Each structure stands twice: as structure tokens, then as C-alpha cells.
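If you read the sequences in order, they're chains A and B.
Residues are numbered in this note's numbering as their position in the first sequence, beginning at 1, plus a constant of 34.
Residues are numbered in this note's numbering as their position in the second sequence, beginning at 1, plus a constant of 34.
One structure below.
2 protein chains.
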Amino acid sequence: MTAGITVLDRLLEVSELFQSDMARAFDGTSLTTARVRVLWDLVAAGPSTQHALAERLEVSPRNITGLVDALESGGYVTRTPHPTDRRSIIVSLEASAEQMMRQMQADHAALSADLLGAVDPADREALVRGVDAIAGRLRELVAAHREASA
Amino acid sequence: MTAGITVLDRLLEVSELFQSDMARAFDGTSLTTARVRVLWDLVAAGPSTQHALAERLEVSPRNITGLVDALESGGYVTRTPHPTDRRSIIVSLEASAEQMMRQMQADHAALSADLLGAVDPADREALVRGVDAIAGRLRELVAAHREASA
DNA sequence: AGGTAACAATGTAGTACCATCACTATCATG
DNA sequence: CATGATAGTGATGGTACTACATTGTTACCT
């Protein structure tokens, strides 16, 4: 019972700590969590229209305009016209930003490994299974909520 | 290796899902995540000065003024003068808000139990130990980062 | 006591994120 | 070719946060 509370609380604590640490890393740059989310998506999906970004990140197209504005003036991305559809704009990562994201990905992996290293080896498999189970169950619950309120 | 990445990513996913679900629950009210954080703290700490709230929540005093403004006009808290220090203002939960927070706490516990219920019983203890270990290690790392940049 | 420094809260001003609505330019289809 | 959908953006507004300046109050120090 108390353990149940503790697990969820610890999970939330972990992500809070992680996010505040990320944010601190961006100090001095024009990067923010929301902007990096855009970069991250571009790494995964490749050059995209703003509309596609908006859909994948689940924010309004209008918001993407602002985020890309900031990233563009920071030199992280470029806007190029779509080859066939003149309404669309293709957002691409600048080479330096792609390099930076690769580094960030490596850091992320290293951190993951570090954190997992703090776990008793005998507990690791159960931990992974447990976290997966929790994530899966939570996805179910959220989906059910969305249904209900739709 | 891949598992290491997956664990951290899953943890982050869990807290994202959780937070978006929380936010949806506040639809239609004047409550938001930041404001509920204030209420939550008042439940745990009892009536407090705004200064104390700012310190515990690690935000600027000015920000607390705005949050308490919103909570006050929503009828969730009341401002009363400090008995001895006329500079200070004491923020207290309204009875209805205290009731609501008790409910929220119960829901939180129920959700925790539900999520833990999705985990194979044989994995639960290891999961709790593992998450604790990760949280502890992450606390260390963040503290070290703060030191380094201070 | 009298002056000064620290303190609590708030006004002002500014950044960032996010949303909706209205509008323009451009497809795409009947 | 007209009509309706689509892609992006301007305008506007709410929330969350910050730093700086200001006001009233307290506490300390000589």
C-alpha cells in the first residue's frame, strides 16, 4: 500500500529531476525543452513539414511556427520550400544541430546506463518488466479516460 | 544497453502520461498543475506564508503571489494576516479545498495501487528497490551538477 | 532612540509555451 | 472553374515563470 504510493512518487520524482537537469543544461543557449522536443522529433523523423511536426508533437500548428522561428534564428534548423506543394514548408536540421543531437542522444544513453548501473543486477530484469507493465497499464487508463471524455 | 535506454524512456513516458491525465482532470476548473502543486504543499505543510511556499516549491516569491491570487479567487485558499509579523501573509486551505485534496490523495493512492497491480507480483519488490536506486542515483548526479555549475 | 540593513509581498516588465480564431495562399476535386 | 480542404501565419489571450524596483515592516547595531 505505502509501497504503491512510493513507486509512483519516485517515478515522478525521477522525471522531475531529469527535466530540471535538462533545462539547466540549456542555460546560456536559446534552447528550451519544447524546442529540443522539436529537434528530437526531426532527428527521428527527418525533414518534415510544420504540419507533420504539429501532429507528431501534439501541439497546435501555430505553436510550431513559433518554435521553428526560434530554432531557425538560433541556427538549429532551416526552412526550405516544399518541392511540389507551395503551401508547405520543410524544416530540416542544420548539420551542427544534427551533430549536437547525436551527442545528446549519446549522453542520454550514458545516463540511462549509469542509472541502471545503480540497480542491483539481480533486480534489473524485474525492474524493466515492471516499468514496462506500469507504462502499459497507464497507457490503457489514459486511453480509457480520453474515450470517456470524448 | 538498449534496455537501459528503454527504462529511462519508459519512466519519462509514465510521468508524461500521468501529467497529461492530471491536466485533463482539471479541465473546466481554474486549477492547473502549478496551482495544484501549491495546494498539495499546503496540505502537507499546513497554513504557510507565501515566502515559505516559494522556498519549498523552489519558485520566486513573485510567482507565488500570482498562483495564490488565482487560488484565492477560485475559493481554494484564503489569505489572512500573520498574527505577529505584519509583513507576512498566511495562506490557508479552504475547507472544501482540503476535502478535495483528500480525495485527490485517495485517487493518487488508488492509481498507484492499480499500476502496481499490473506488475507481476514476483517482480514488485525488485521494481521498488530498482526505482529507489535510480531515484537515489539521479539525486546524486543532479546535486553534483548543481555543485559544478555553482 | 535612530539609522540601516534585511525581509515580505507586490507592481512592472519581459520571455516562453500553448490555444483558438481569422485570414491568405495554395492545392485538389467535382 | 468553383468549392472545399489544407499549410502556414497574424492577432489575441491565458498561464508559468523571471528579474528589478518599490513599499511597508521588522530587527539589529551603535
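Positions of the beta carbon are idealized from the N, C-alpha and C atoms, including for glycine.
Source: prediction; values computed, not measured.
Supposed close pair residue i, residue j - CB separation, criterion 8 angstroms
i                     : j                     : result
residue 45 (chain B)  : residue 45 (chain A)  : 6 angstroms
residue 218 (chain A) : residue 167 (chain B) : Any property of residue 218 (chain A) remains undetermined from this structure, which presents chain A solely from 35 to 184.
residue 126 (chain A) : residue 81 (chain A)  : 4 angstroms
residue 111 (chain B) : residue 102 (chain B) : 6 angstroms
residue 173 (chain A) : residue 145 (chain B) : Residue 173 (chain A) to residue 145 (chain B), Cβ: 13 angstroms. No contact.
residue 57 (chain A)  : residue 67 (chain A)  : 6 angstroms
residue 179 (chain A) : residue 55 (chain B)  : 6 angstroms
residue 79 (chain A)  : residue 90 (chain A)  : 7 angstroms
Residue i at chain A interface by Cβ criterion, 7 angstroms
i                     : result
residue 75 (chain B)  : no
residue 101 (chain B) : no
residue 45 (chain B)  : yes
residue 168 (chain B) : yes
residue 157 (chain B) : yes
residue 152 (chain B) : yes
residue 51 (chain B)  : yes
residue 48 (chain B)  : yes
residue 146 (chain B) : yes
Proximity of residue i and residue j at Cβ, strictly below 7 angstroms
i                     : j                     : result
residue 116 (chain B) : residue 107 (chain B) : no
residue 163 (chain B) : residue 149 (chain A) : no
residue 124 (chain A) : residue 114 (chain A) : yes
residue 165 (chain A) : residue 41 (chain B)  : yes
residue 169 (chain B) : residue 47 (chain A)  : yes
residue 161 (chain B) : residue 160 (chain A) : yes
residue 95 (chain A)  : residue 86 (chain A)  : no
residue 49 (chain B)  : residue 49 (chain A)  : yes
Per DSSP, cross-strand counterpart(s) of residue i
i                     : result
residue 123 (chain B) : B:115
residue 83 (chain B)  : B:124
Cutoff 7 angstroms: residue i Cβ touching any chain B Cβ
i                     : result
residue 171 (chain A) : yes
residue 90 (chain A)  : no
residue 188 (chain A) : Outside the shown range of chain A, which is 35 to 184, sits residue 188 (chain A), and nothing can be said about it.
residue 164 (chain A) : yes
residue 94 (chain A)  : no
residue 176 (chain A) : yes
residue 55 (chain A)  : yes
residue 160 (chain A) : yes
residue 65 (chain A)  : no
residue 79 (chain A)  : no
residue 72 (chain A)  : no
residue 41 (chain A)  : yes
residue 87 (chain A)  : no
residue 185 (chain A) : Because residue 185 (chain A) is not part of the residues shown, which for chain A are 35 to 184, the question remains open.
heavy atom of the ligand COA below 6 angstroms from residue i C-beta
i                     : result
residue 136 (chain B) : In terms of ligand content, the structure shown is empty, and the ligand COA therefore cannot be addressed.
Q) So does the stretch 128 to 139 of chain B actually touch the stretch 67 to 79 of chain B, counting three or more Cβ pairs closer than 8 angstroms? A) Short answer: they touch.
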